[in-house]
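Comments concern the structure below.
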Amino acid sequence: MRDEQILDVTDLTLRFGADKSGQGGLLAVNNVSFGLNRQETLSIVGESGSGKTTIGRCIARLYEPNAGQITFRSEGGEVDLTHMSKAELRPIRQQIQMLFQDPNASLNSRMRIGDLVAEPLNIHRIGTPAERRDRVVSLLERVGLGADTVNRYPHQLSGGQRQRVGIARALTVSPRLLICDEPVSALDVSVQAQVLNLLRDLQDEMGLSYIFVSHDLGVVDYISDRVMVLYLGTIMELATRDDLFAAPAHPYTRALLDAMPSRRDGRHRKRKVLTGEIAGPTLKRQGCVFAGRCPHATDLCQREAPVLRPWARNPATSVACHHADALDLSTEETTI
Amino acid sequence: MTDTVSNTPATAAPAAEAPLAEHNYQLLSVRQLMWRKFLANRLAVLSALVLILLYLATIFAGFVAPYGPQNGKSRLSYAPPTPIQFCDDAGCSLRPFVHPVKAERSPVTFLLEFVADEEVREYIYFFERGDSYKVLGLVTSDLHLFGLRSDDARIALLGHDQRGRDLFSRIVYGGQVSLTVGLIGVLIMVMLGAVIGALSGYYGGWFDNFVQRFIETLRVFPEIPLWMALSAAIPPLWPPEWVYAGIVVVLAFLGWTGLAREVRGLTLSLKKRDFVMAAEASGASTGWIMRKHLIPNMLSHIIVTATLAVPVTILGESALSFLGIGVRPPMISWGLLLSDAFKVQVIALYPWMLFPAAFIFITVLAFNFLGDGLRDMVDPFS
Amino acid sequence: ADFNEAPMLAEQTASGALPPVEERLPANPRVLEPVSEVGVYGGTLTRGTAWLGAYLTENFTREPLFMWQLPDTSVGAPVPNLAESITYSEDGSSATVKLREGIRWSDGAPFTAADIEFYWNDIMLNENVAESFPGILLVDGEAPKLTVLSDTEIQFDFGKPFYFFEEAMASIWEIAWPKHYMGQFHPDHTDGATYDDLNQRLELQSGRGKVTLQAWMLDDYVEGEHYRLVRNPYYWKVDTAGNQLPYFDRANVEMVEDRQAVALGNTTGKFDLDSMWVGPQHLGLFSQAIQSGRDISVIFGDVPGMAIYFNFDQEDETLRNLFRDVSFRRAVSVAIDRDEINNVFYNGLLSPGGSAFSPVTPYFREEDYALWASHDTEQAKQLLADAGYKDLDGDGFVETPDGESFNIVVDVAQHDLYTGIVELIVTDHLADAGIKATMNVQDHTATRDRFDAGEFQMHVWDYEGSSFPLAQNFDELAPGAPNMPPFHPKASSDPVDPQFVTFGELMNGATTKPFEERKVDMQEASRLMADNAWIVHLGYFERPFIHNNRLGNAPKRLTRSDQVNDQPAWQAMMLFDATQK
Amino acid sequence: MTLLSVQGLHTHYHVEQGTLRAVDDVSFEIAEGETVGVVGESGCGKSVTARSIMGLLPRRIGEIAAGEIRFAARGGTLDLAQQDPLGPVMRDIRGNDIGMIFQEPMTSLNPVYTIGAQIVEAIRLHSDLSKADAWAKAEQLLERVGINEPARRAKQYPHAFSGGMRQRAMIAMALSSDPRLLIADEPTTAVDVTVEAQILALLEELKRERNMALMLITHDLNVVGEIADRVIVMYLGRVVETTTAARVFDDPKHPYTRGLLASLPSLGRRTRLTPIEGTVPGPHQRPAGCPFAPRCAQATEKCNTQPPTFRIDAETSVACWLYDDAEAGHA
Amino acid sequence: MFKNPVINRILSALFTLWLISVISFIVIQLPPGDVVSNFVRQQELISGASVPPETLEFLRQRFGFGEPVYVQYLKWIAGFPKGDFGFSVIYDGAEVADIVARRIGMTLLLAILALFLSWGLAIPLGIYAATHKNRFSDYLMSNVALFGLSIPDFLMAVVYLFIAIFVMGSDYTGGLFSEAYVDAAWSVERFWDFLKHLAVPLLILSIGGMAGTFRIMRANLLDVLGQQFVETARAKGLRERVVIYKHAARIAINPLISRLGMQLPVLLNGTIIISIVLDLPTLGPPFYRALIAQDMYLAGTVLMLLAVILLIGNLIADLLLAWSDPRVRDG
Ligand SMILES: Nc1ncnc2c1ncn2[C@@H]1O[C@H](COP(=O)(O)OP(=O)(O)OP(=O)(O)O)[C@@H](O)[C@H]1O
Ligand SMILES: Nc1ncnc2c1ncn2[C@@H]1O[C@H](COP(=O)(O)OP(=O)(O)OP(=O)(O)O)[C@@H](O)[C@H]1O
Ligand SMILES: [Mg+2]
Ligand SMILES: [Mg+2]
């Protein structure tokens, strides 16, 4: 069951403001391919502007990708999301739901919680009004909110509660895939933990698959099965969580880990500082996008873009680096 | 060992500080919040009341006005406001009364001079019968809020005009044009502006581009001259009702651009907001998103903009009528009434002819205050 | 040495730029009797206007062959002006006019019969020149033949008796154009000149005004803003003390916004006088101003009031029949409450009456004036009912005998007096009698256009020409048959009624008859007009005019300009600045 | 030596709904050259505390109701709470003795003046340097905070800078007059981890170099653990625990601090998180006694009264009745 | 469309220009009948002169009457480069360009002077009100501004005329000069006379314009005052005045500049109306008369010209804004 692939993304590319031929503009997602299994959590990490949100929204078909295929396996069979009209998409949408970063902005402040949670049911005209109400209440209770919340307005709830409403809302139509776009980064730690636990429990209970966008490696470490590292819209590394954190294959992954505040052996270690800043996504692309900041970059890196391929040392990991096979990045004591 | 630190000042927290009341506050719905915020703005509330009164008076103009709009007595040409008295030389009465006036032409100035006939009292009665009129164009009635029983004397709270008509009655009737021009004009404006703005914001592309250019162009035309130009082109032989409609359309035609821009901006920002994305991700159709998300969120802004557009439109109509290219007699509007006062000698000799200006001013001011109050109210969270 | 000149000119004479005053004046200058005293030289006379056209400079002074006596035109027959005398042939079918000798144009060139001939034949009668022959001079539709006998003598041949000639002459604006100046632009006189160019120069302001016979000549003109005129050094009139006129060095016309602004300007002293834009509606302003110490005077003149015209040739048959129905017209006339209008709009200065020729004419009879002129709503209803117009559907308005309802459009030009009156008539008086009518206010030119084109239903304007009925250029006002009254624009269609035909015959024949015969015919015409109510007139009234008290020689009473077909009512050349005395 | 000593600070906000006790009896000290981290969840009063020190409370809304803020200024000790916030004394202290940087690097700089001009303005405000010298110094400062080509960059406007660079420019500006205390209010919340690491490293380095005290406000315990010497934990306008950076992880005393740590996901931590139950009450619903009592598993009757600050040892004090038997002392 | 924002701006301005001419042409075409026939009738009426057929033919040729509307439009705009905008009926067939040229200067002068006056009053008041938010003075000023917005210009002008003539006994009846100075050469006295005549219309105009500007300024400044960089400026230790004027007001004025494009039409509107009432030699009176008399080339041209002035005004505003705001300047 768990190995059943429900999502398969191949060569996803999106340029904002591209011309008709799909050229020019801002390359936000560049040839991204990955798959997702049932009840699996795939995290997407990367710095701001690296295209995490964009990938999520492409899958939810909120953005039209310029190229690539998104295959979704639902109960009804296999569909290619990229080539569906809005009307065709509608039934599929029930199975793919989204959870947004800012619980404030993702709930219409003029609607009551009950209506907000019921909205997907109303849109798809599922069940009678009474059934809908029952479902809403039971879901709200499931995410830890009382039935009385139904009549409240978003501004009358705290941030954590609002995010729970968002979760309940996403779950009303029994989705199979939940795209979570930084669902906890606006929350305080104590609330964040509540929401993370909730997401985990729901996954087990309902067999959900998550695409989990985050820039907090701590959270990613906690929640994911696999992790995709993104840099300027390009996949740097795609590996299981354990592999990634134990032995990163890509220098950028290493750099991210090093920049994380963390404690080892009861002590906070000094973080390693990655020099330079993420370049603008409009930059002229030649060679590896990370070459400018990479301590291991060579002429080759400047010249030629590496392709994503299985890592020699651990074929379960894919990496886009010319030197991945040669470098040993498993410990942080690399020269930077 | 269990000494407490003694630096807690005496002013510090006594016990629970009425958390309950605060709790209630938190539970208010958006609408309640807005309502509260609105009520807190006293000028806006007052303005709303004034406007309600004015509109009521307009709807029931026939009832409120003691005389029909054309009912005049030439002998009372430019007779001043009738003083309402409770007392005179002959004593006092609980029922207010007026004295009839006699007019005589001065041999020097050739103007009429008015002398009150102190001997005669004409009492004012409420719910009197008088000129007949139609309520909302349907029911015929001749009941008036107040009036005199004899036709020898006339009551004119705000004086008489040149033809000896009661200015107050005319102002009340004039409100039917002046007050509705704003509302109807703005209604059309809202429809045009909101629809075009929302479409142009939602779909973007060439349509948006064209609409934006068009709006930009319309907006570089100074509005009053363009109004003037367009209303001057209204065929003079149209019946007054059509002319009125024409004026409304002209005013609305030029006014929608501001709203369209605003709505477009709002749509643009709303459509990127996560909750719209969320609805879209749930499979909501465009219509659904418009209905459930965009419009409710824009509505209050639209209302505010519309409210603030009403006074502009009212002023526009007044200016046009004042200049003689607005509504035409026998229709009455405040601007038209005011154009009768646009003569220095009229202001000098018959200053009450300026009363229509006071009504324009009060209405416009009230709408401005109301709009202001509504603007504050739109963002109940700020 | 018997003549005096203005100090302004004396300097130039002294410097030799101008010949002495004696040489500039004709042998027999026209001597004008001052209204009250001999004036002094200097200063600027300023008038305001709400509309600036060439017409206004002409309105300052006009110089035809004969001229009405001013300021009161009703005191007698026209007197020679440019002419010295006139002699009619035995049967009155031709006349010889002798001109004053030695009159000069304002540039010093001599004025001769050739200038008149030039204007008569090369300008007025030349098809290519955009200047048409005045209808009042036409006899049976033909222009009289002009023969130059000498530099100072001209003969006019009318083809039939035309005793009206002097009065007709006194009613036109001018009779001569400077041949030496305008000839330069005339293709018949100068090679290479074009009519196109000539036509551009016909107006006074396009340069012609600089070579003039008038008291002041053009100095500066800006369209839509002002005229500036300066004295004509060769002006050929003197006062009784031998002072060359005019008294004022300069005369200006300033354009302002509207009637109201003209009245205001006259109140505050910005303007000196007005007889054109002010009316009873400004009495309040004037009395208020006088009370607050403004040094102005109001004088009066007897003028016709407002009139309502019907379109007898209206396309719509229902309306045409209605307008041609004498009962309907009489009903309209008696439906109108003239007393109320008098009270409200005319400050009691109106003497209500119907459409009879003016009391200032010899053709006036009280009894005609009183016809169908007293307010009686019941009579109006009765008249309508008798003619078959009854309210069948109970809406308060009558329908035609066929049951058709109608709504008459009454055109009125934007006018601060008439608009109000028409509104009152339309909304109250006519409605009371059961006649449904709607007022249509438009710019003057627009209503006038509709009137001229015969595209109106009812039209409101002054009771034009009633003070001098035969001087009216009917054909100019109505594009119908020549010399037909103005209210039958498409006279080519069937006649209104037999009486109307009689009326036209009487009017047309009048000019050919000596005065006594003419008077009888005209009184009959007047009676016909009043009885048939072809025009509904409100009555003659005392119109107030205004002038600043600084003006000397201001008349005590005025004849309003239109009594004499727009002759200048003020003898502007006689006015002077009394404060300088 | 103590540089700043805040004692019994109460800061009230007068808002429409009433008076809000944003900071409610806060006491702490900062020694010279020390880095103090202030942590706590959103709305607990961290920023208000900082603003109270700076005298930058919103006029007519914020007010120091009670307490002292003693600052060892160059001329002696001053009670900042007593100063006119707009007066010359506070102006001189602001920027000169105490520098401050804010969370939002994107909006902290005036968009219409060049970076250089804004730094120069700060320099010249507190020194008599000539314009040219001030520019030279500004460039040095920019270079110091790691901005390449400072001469060129100084002439640019803020919009030409990335978020990290702006934050560095802000730091340069705050350092322009050698302050003895730098208050950094969540300086890294809005930037990426890599940039965060850069900025924290920079701050630490500068601090060491200048022997400057640093008050670092953050809600990220890890950040505090990394660079702070001491930690102040706040909850609902109160200080619940003061301790050293090392101990806050190893031996948190207050149940709230413990709760925070248990909720904190971090690298290598895969066991289920144990969040604090319940939510932070709104600022108007502050419980009568210990603010944390309603959410505290160990709460007892006693917690209905506000606990005093108990001193556990020289480095740690905690405001919790659990430590009733500990030595109560000055926090 | 195009990458370069300047080219884009110019292209869109050209497009707008074209649309302006189209709308103006539509206005010209609106009334029934053609302009030449109206002219002929009017000429005949006024001077009794008939317009010769050649002239008529020329006019018909020139303006393309009887030809399709687009040809008429093309013929009309073809005259623009030669300064030929058609002829005026009410001005006896004078060139529209001449009439307009004489009056456009005064129109602009009045509008621009009013703009300066209203800004000169509104900006300081706006700053004052914003910095004294919610106090009585702010409340008062804001409400007085609404009063200003509510009084129709034409009413103020009429009442003023009355006061001038009957209450103050002045000889003022409108116009720009006293009689004595109408034709005089420019001198100190004449200029003074001019100012005295201009004072009232200017004041009336600027009161209307001021109200709007004041409100915008106040709102903008309040907005800016809430921004982080203002706080930064305070944290530097700047005086409050410097903070407000140099840092906040400087930016709050920017949107005002870009709203210049919306201010100017308001003032032009006022100028037109006031001029009609007070008889000022601006474009107002001929425009009004032209409309009433359906003298459409004059009316249409004035309308077009006003629009073009505003377009230019907007362009200038954009340039000013770019010049004053580096964010816009650098695209
Ligand atoms: N609607 C849009 N139009 C144009 N560009 C966009 C749009 N949305 C995102 N981008 C750009 O695409 C790139 C990727 O953006 P995206 O939002 O996917 O990044 P992200 O990784 O989610 O960043 P963050 O962590 O800040 O949310 C960025 O450079 C962003 O500026
Ligand atoms: N200007 C203000 N007006 C009203 N209340 C305010 C204002 N500023 C802060 N508060 C309130 O004061 C309390 C403390 O706020 P403060 O900004 O100090 O929190 P914080 O700990 O800095 O939180 P964060 O981590 O979100 O910055 C909060 O309840 C907040 O709502
Ligand atoms: Mg994102
Ligand atoms: Mg904060």
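Protein chains in written order, with this note's numbering: chain A, 2 to 337; chain B, 22 to 403; chain C, 1463 to 2043; chain D, -12 to 318; chain E, 2 to 332.
Glycine residues also receive a C-beta, built at the ideal position from the N, C-alpha and C atoms.
Only a predicted model underlies this, so the values are computations on that prediction, with no experimental measurement involved.
{"Check": "Cα-Cα separation, residue 1818 of chain C to residue 286 of chain E", "Outcome": "40 Å"}
{"Check": "Per-residue DSSP class, three states only, for residue 1896 of chain C", "Outcome": "coil"}
{"Check": "Selection from A/176, A/142, A/232 and A/239 that minimises the alpha carbon distance to residue 48 of chain A", "Outcome": "A/232"}
{"Check": "Straight-line gap, residue 1623 of chain C to residue 1778 of chain C (C-alpha atoms, nearest Å)", "Outcome": "42 Å"}
{"Check": "Proximity test, residue 53 of chain A beta-carbon vs ligand 1 heavy atom, cut-off 7 Å", "Outcome": "yes"}
{"Check": "Continuous beta strand (DSSP E) stretch holding residue 1923 of chain C: start and end", "Outcome": "1920 to 1924"}
{"Check": "Residue 1530 of chain C burial status per 10 Å Cβ neighbour count (16 or more: buried)", "Outcome": "buried"}
{"Check": "Chain-ordered chain B contacts of residue 1889 of chain C [CB-CB under 7 Å]", "Outcome": "91 and 351"}
{"Check": "Beta-carbon proximity check, residue 311 of chain E vs residue 241 of chain B, cutoff 8 Å", "Outcome": "yes"}
{"Check": "Assumed close pair residue 194 of chain B, residue 86 of chain B - CB separation to whole angstroms, cut-off 8 Å", "Outcome": "6 Å"}
{"Check": "Any C-beta of chain B under 8 Å from that of residue 11 of chain E", "Outcome": "no"}
{"Check": "First through last residue of the beta strand (DSSP E) which encompasses residue 1508 of chain C", "Outcome": "1506 to 1511"}
{"Check": "Contained alpha helix (DSSP H) runs [length at least 4] in the segment 1745 to 1824 of chain C, N- to C-terminal order", "Outcome": "1745 to 1753, 1779 to 1786, 1788 to 1797 and 1800 to 1807"}
{"Check": "One or two residues paired with residue 332 of chain B in a DSSP bridge", "Outcome": "Beta-bridge pairing links residue 332 of chain B to no other residue."}
{"Check": "Length of the line joining the Cα atoms of residue 1926 of chain C and residue 1595 of chain C", "Outcome": "20 Å"}
{"Check": "Sequence-distant residues of the same chain with beta carbon closer than 8 Å to residue 261 of chain A, five excluded per side", "Outcome": "218, 219 and 272"}
{"Check": "Min CB distance residue 206 of chain A to chain D below 8 Å", "Outcome": "no"}
{"Check": "Minimum C-alpha distance to residue 1727 of chain C - residue among E/231, E/166, E/14 and E/122", "Outcome": "E/166"}
{"Check": "Within the segment 81 to 157 of chain B, ranges of the beta strand (DSSP E) (whole runs, at least 3 residues)", "Outcome": "106 to 109, 112 to 119, 122 to 126, 133 to 137 and 143 to 156"}
{"Check": "Burial state of residue 1940 of chain C (16 or more Cβ within 10 Å)", "Outcome": "Confidence is the limiting factor: at residue 1940 of chain C the pLDDT is only 34, short of 50, which leaves the residue's position unreliable and the question unanswerable from this model."}
{"Check": "Residue nearest to residue 1891 of chain C in terms of C-alpha spacing, selected from C/1910, C/1802 and C/1605", "Outcome": "C/1802"}
{"Check": "Exposure label - residue 152 of chain A; buried when at least 16 CB within 10 Å", "Outcome": "exposed"}
{"Check": "Residue-level contact to chain D via CB, residue 34 of chain A, 8 Å cutoff", "Outcome": "no"}
{"Check": "Simplified DSSP state of residue 1999 of chain C, which is helix, strand or coil", "Outcome": "strand"}
{"Check": "C-beta atoms of residue 225 of chain A and residue 43 of chain A nearer than 8 Å", "Outcome": "yes"}
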